[in-house]
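Same order as they appear, the protein sequences are chains C and R.
Residue numbers for the first sequence, in my numbering: 159 to 368.
Residue numbers for the second sequence, in my numbering: 120 to 434.
Written out below as structure tokens is the structure these notes cover.
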Amino acid sequence: MSEEAHPLASVVAGLAMLVSGAQVRWLDSRPDTRQRVYFSNHTSHLDAAVLWASLPPQLRVLTRPVAAREYWEKGALRRFLAARVFRAVLVERPGESHRLASAREALDLLVEALGDRYSLILFPEGTRGTGESLAPFRSGLYHLGQRRSDLEFLPVYLNNLNRILPKGEVLPVPLLSTVTFGPPLRLEPEESKQAFLDRARAALLRLSHL
Amino acid sequence: MKLELDPEVWLVLFGLVGLLATSTLVGLVLRLRVRSESGRATVANLNARVRAWWVMSAVFLLVLFGGPLWSLGLFGFLSLLALREYITLTPTRLADHRTLLWSFFVITPLQYALIGIEWYGLFSILIPVYAFLFVPIRIVLAGDTENFLERAAKIQWGLMICAYCLSHAPALLTLRIPGYEYQSAKLLLFLVVVVQMSDVFQYVWGKLAGRRRIAPGISPNKTWEGFLGGVATAILLGTGLWWLTPFTPAQAAGMSALITLMGFAGGLTMSAIKRDRGVKDFGALLEGHGGVLDRVDSLCFAAPVFFHLTRYFFT
Numbered sequence: 159m160s161e162e163a164h165p166l167a168s169v170v171a172g173l174a175m176l177v178s179g180a181q182v183r184w185l186d187s188r189p190d191t192r193q194r195v196y197f198s199n200h201t202s203h204l205d206a207a208v209l210w211a212s213l214p215p216q217l218r219v220l221t222r223p224v225a226a227r228e229y230w231e232k233g234a235l236r237r238f239l240a241a242r243v244f245r246a247v248l249v250e251r252p253g254e255s256h257r258l259a260s261a262r263e264a265l266d267l268l269v270e271a272l273g274d275r276y277s278l279i280l281f282p283e284g285t286r287g288t289g290e291s292l293a294p295f296r297s298g299l300y301h302l303g304q305r306r307s308d309l310e311f312l313p314v315y316l317n318n319l320n321r322i323l324p325k326g327e328v329l330p331v332p333l334l335s336t337v338t339f340g341p342p343l344r345l346e347p348e349e350s351k352q353a354f355l356d357r358a359r360a361a362l363l364r365l366s367h368l
Numbered sequence: 120m121k122l123e124l125d126p127e128v129w130l131v132l133f134g135l136v137g138l139l140a141t142s143t144l145v146g147l148v149l150r151l152r153v154r155s156e157s158g159r160a161t162v163a164n165l166n167a168r169v170r171a172w173w174v175m176s177a178v179f180l181l182v183l184f185g186g187p188l189w190s191l192g193l194f195g196f197l198s199l200l201a202l203r204e205y206i207t208l209t210p211t212r213l214a215d216h217r218t219l220l221w222s223f224f225v226i227t228p229l230q231y232a233l234i235g236i237e238w239y240g241l242f243s244i245l246i247p248v249y250a251f252l253f254v255p256i257r258i259v260l261a262g263d264t265e266n267f268l269e270r271a272a273k274i275q276w277g278l279m280i281c282a283y284c285l286s287h288a289p290a291l292l293t294l295r296i297p298g299y300e301y302q303s304a305k306l307l308l309f310l311v312v313v314v315q316m317s318d319v320f321q322y323v324w325g326k327l328a329g330r331r332r333i334a335p336g337i338s339p340n341k342t343w344e345g346f347l348g349g350v351a352t353a354i355l356l357g358t359g360l361w362w363l364t365p366f367t368p369a370q371a372a373g374m375s376a377l378i379t380l381m382g383f384a385g386g387l388t389m390s391a392i393k394r395d396r397g398v399k400d401f402g403a404l405l406e407g408h409g410g411v412l413d414r415v416d417s418l419c420f421a422a423p424v425f426f427h428l429t430r431y432f433f434t
């Protein structure tokens, strides 16, 4: 993977910020190049792009959204954006791969994508919700933490994007949104899967009230 | 209808630059003088406001010199930004998405296009009649009836305030006033200067002499001293600018009184919405001022009344 951002990256990021009118807040956390997993609530197709665009340019180059293959491989534009601009890691939707083997394959893919310098954007609810509540988290976050104990997990709450581009709609209504980065978490040694997922989900919910 | 650099406009330009330069100097002195924590915050906000005023004044004047299309473009854009801030704060439901798309991308641009082609008849009823009926129909077609009336009313209200009312400011450019041909850009300049200076004077009087609050439940910063001092000063200013308008000094005084009172009412009314939604500002686009709607709220209320009185009595 090239170290340079695609020439269109800043244009796409600017466009995402324009449409979403995103106000970016870092609460008790700072932009940093150390390897992180940004995990966020998922309510709109804009989520990955807006979160990615909210990062400072030097972090954007190092941060890759994990996105549904089925959506991002449809059409030349989406394929181009996913492959060249976002450099997304495309995975099967979790619902479609109940088999343990394919879940392991997906995990391998993510660990490989992290390498020794990249960060990921992950939506642990697995699928887009309506924006009214936060679904229980899938276990990917925990397994990533087990494989890479040095990873920081940063909650990012996306507000109002579901109203800008709701499920099933094609054109966005350019309202204003907020992107809130919270303080990082780490998987503690001996921490159980459920405890960690609950803690991560609570950290994200907390941001929604701030 | 383009603003021409005649001696009167030169005078306004000099006055404006002088005022801004003075404000910048005062801000500089205050920054060196004021020591207290809360005083510093106020001065920082004041300086941010003055910086934003330089930019806003420059953009507005350039657009006036550019001609009516530029003015329509600017106000149309401001309408969209204001509507964006307004709808963000007024919860609609996901089923309203298509209605909102129509509001942003068809109704609002159309309102300004009608000014561009000077179709007064449709301009004055597009939103109060056609959009008024269209919005609830489109929501019904989406099939979600929860809080139906509330949602329809919110969108209608947003269109009225942000698009319809605000569009009456650039609509002044279409007025043909006998003895004042091709000078209507100066009328728009007059309206905006008096409305905005009224806000500024109210702010300054309020900071210097404000004691008794007018409406503590709505806007804690509005005081009787600020209101009366600000309105009186703005009326004096408006009267002193009579040579910029087709009005006699007495008429200019009456118009200024009307503009400033409507402007004050607009600021107060929009504050009620912010209060209800539990926020201080509609947005954060203009440093020190808040959002676009925080800056143009008074203009939204003053422009239609000023437009219609001028049209009725002077054309």
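A virtual CB, placed ideally from N, CA and C, is assigned to each residue, including glycine.
Practice item. Return helix, strand or coil for ARG196 (chain C), following the three-state DSSP convention. Key: Note on identity: in this sequence residue 196 (chain C) is Tyr, with Arg being the wrong assignment. Of the three classes helix, strand and coil, the one that applies to TYR196 (chain C) here is strand, per DSSP.
Check your understanding: What residue from C:ASN320, C:GLN352, C:VAL249 and C:ALA240 has the CA that sits closest to ALA264 (chain C)'s CA?
Key -> C:VAL249
Review point. Mind listing which residues of the segment 176-194 of chain C have their C-beta closer than 8 angstroms to chain R's C-betas, in chain order?
Key: GLY179 and GLN181
Exercise for review: Excluding the 5 residues preceding and the 5 following MET316 (chain R) in the sequence, name in chain order all residues of the same chain whose CB lies nearer than 6 angstroms to its CB.
Suggested key: ALA353 and LEU356
Practice item. Give a yes or no on whether 8 angstroms exceeds the smallest Cβ distance from GLU250 (chain C) to chain R. Key: no
Check your understanding: Using a beta-carbon distance below 8 angstroms, is GLU327 (chain C) in contact with chain R?
Key -> Cβ-Cβ to chain R under 8 angstroms: yes for GLU327 (chain C).
Review point. For GLY402 (chain R) and chain C, any beta-carbon pair shorter than 8 angstroms?
Key: yes
Point to revise | Distance, LEU365 (chain C) Cα to SER187 (chain C) Cα | key: A direct Cα-Cα distance of roughly 12 angstroms separates SER187 (chain C) from LEU365 (chain C).
Review point. Do you know whose CA, among R:VAL225, R:VAL424 and R:PHE242, lies nearest LEU233 (chain R)'s CA?
Key: R:PHE242
Exercise for review: Starting from PHE339 (chain C), follow the beta strand (DSSP E) in both directions and report where the run begins and ends.
Suggested key: 336-339
Review point. Taking 8 angstroms as the CB-CB cut-off, is ASN318 (chain C) touching chain R?
Key: yes
Review point. Where PRO330 (chain C) and VAL225 (chain R) are concerned, what is the direct C-alpha to C-alpha distance, given to the nearest angstrom?
Key: 14 angstroms
Check your understanding: By how many angstroms is the C-alpha of SER417 (chain R) removed from the C-alpha of ILE244 (chain R)?
Key -> 22 angstroms
Point to revise | Cβ contact (3+ pairs, closer than 8 angstroms) linking the segment 354-368 of chain C and the segment 212-229 of chain C | key: no
Review point. Do you know whose CA, among R:GLY410, R:PHE346, R:GLY359 and R:LEU360, lies nearest PHE383 (chain R)'s CA?
Key: R:PHE346
Review point. What are the start and end residues of the alpha helix (DSSP H) that includes ILE292 (chain R)?
Key: It is worth fixing the name first, because residue 292 (chain R) is Leu in this sequence and not Ile. Here LEU292 (chain R) belongs to no alpha helix (DSSP H), and DSSP marks it neither H nor E.
**Study point:** 8 angstroms Cβ cutoff met for LEU209 (chain C) and LEU316 (chain C)
**Key:** yes
**Study point:** is_contact[ARG396 (chain R), chain C] using C-beta, thresh 8 angstroms
**Key:** For ARG396 (chain R), the nearest beta carbon of chain C is not closer than 8 angstroms to its own beta carbon.
Review point. Quick one: is VAL247 (chain C) near chain R, going by C-beta distance under 8 angstroms?
Key: no
Practice item. Count the other CB atoms, across all protein chains shown, that sit within 10 Å of the CB of HIS216 (chain R); report buried if there are 16 or more and exposed otherwise. Key: Around the beta-carbon of HIS216 (chain R), 16 or more other beta-carbon atoms lie within 10 Å, marking it buried.
Check your understanding: Going by Cα to Cα distance, which pick from C:THR221, C:LEU302 and C:LEU267 is closest to LYS351 (chain C)?
Key -> Comparing Cα positions, the closest option is C:LEU302.
Check your understanding: What separation, rounded to the nearest whole angstrom, lies between the Cα atoms of TRP173 (chain R) and SER142 (chain R)?
Key -> 10 angstroms
Practice item. Report the residue from C:VAL314, C:LEU166 and C:LEU239 whose alpha carbon sits nearest the alpha carbon of HIS367 (chain C). Key: If we check each option's Cα against that of HIS367 (chain C), C:VAL314 comes out closest.
Practice item. Alpha carbon to alpha carbon, how far is ASN318 (chain C) from GLN304 (chain C)? Give it in angstroms, no decimals. Key: For GLN304 (chain C) and ASN318 (chain C), the distance between alpha carbons rounds to 33 angstroms.
Check your understanding: Are the segment 262-275 of chain R and the segment 292-306 of chain R in contact at 8 angstroms, needing three or more beta carbon pairs?
Key -> The segment 262-275 of chain R and the segment 292-306 of chain R do not touch, with fewer than 3 CB-CB distances between them shorter than 8 angstroms.
Exercise for review: Within the segment 305-360 of chain C, note down every full beta strand (DSSP E) run reaching 3 residues or more, in order along the chain.
Suggested key: 310-317 and 336-339
Review point. Got a sec: is the Cβ-Cβ distance from LEU334 (chain C) to anything in chain R below 8 angstroms?
Key: yes
Review point. Looking at the unbroken alpha helix (DSSP H) that takes in TRP189 (chain R), where does it start and where does it end?
Key: Run containing TRP189 (chain R): 187-208, per the alpha helix (DSSP H) assignment.
Point to revise | Rounded Cβ spacing between GLY410 (chain R) and LEU404 (chain R) (contact assumed at less than 8 angstroms) | key: 5 angstroms
Check your understanding: Below 8 angstroms between beta carbons: does that hold for SER168 (chain C) and SER335 (chain C)?
Key -> no
**Study point:** Buried versus exposed call for LYS305 (chain R) [16 or more other C-beta atoms within 10 Å across all chains shown]
**Key:** buried
Practice item. Kindly indicate which three-state DSSP category ALA385 (chain C) falls into: helix, strand or coil? Key: Since the first residue of chain C shown is 159 and the last is 368, residue 385 (chain C) is not available in this structure.
Review point. Does the distance from the CB of GLY277 (chain R) to the CB of THR209 (chain R) come in under 8 angstroms?
Key: Going by beta carbons, GLY277 (chain R) and THR209 (chain R) fall inside the 8 angstroms limit.
Check your understanding: Under a Cβ-count criterion, where at least 16 other Cβ atoms within 10 Å of its own Cβ denotes burial, should TRP362 (chain R) be classed as buried or exposed?
Key -> Classification for TRP362 (chain R): exposed.
Review point. Using the beta-carbon count (16 or more within 10 Å), is TRP230 (chain C) buried or exposed?
Key: Result: buried.
Review point. Is it right to say VAL182 (chain R) is buried, meaning 16 or more other beta carbons lie within 10 angstroms of its own, or is it exposed?
Key: buried
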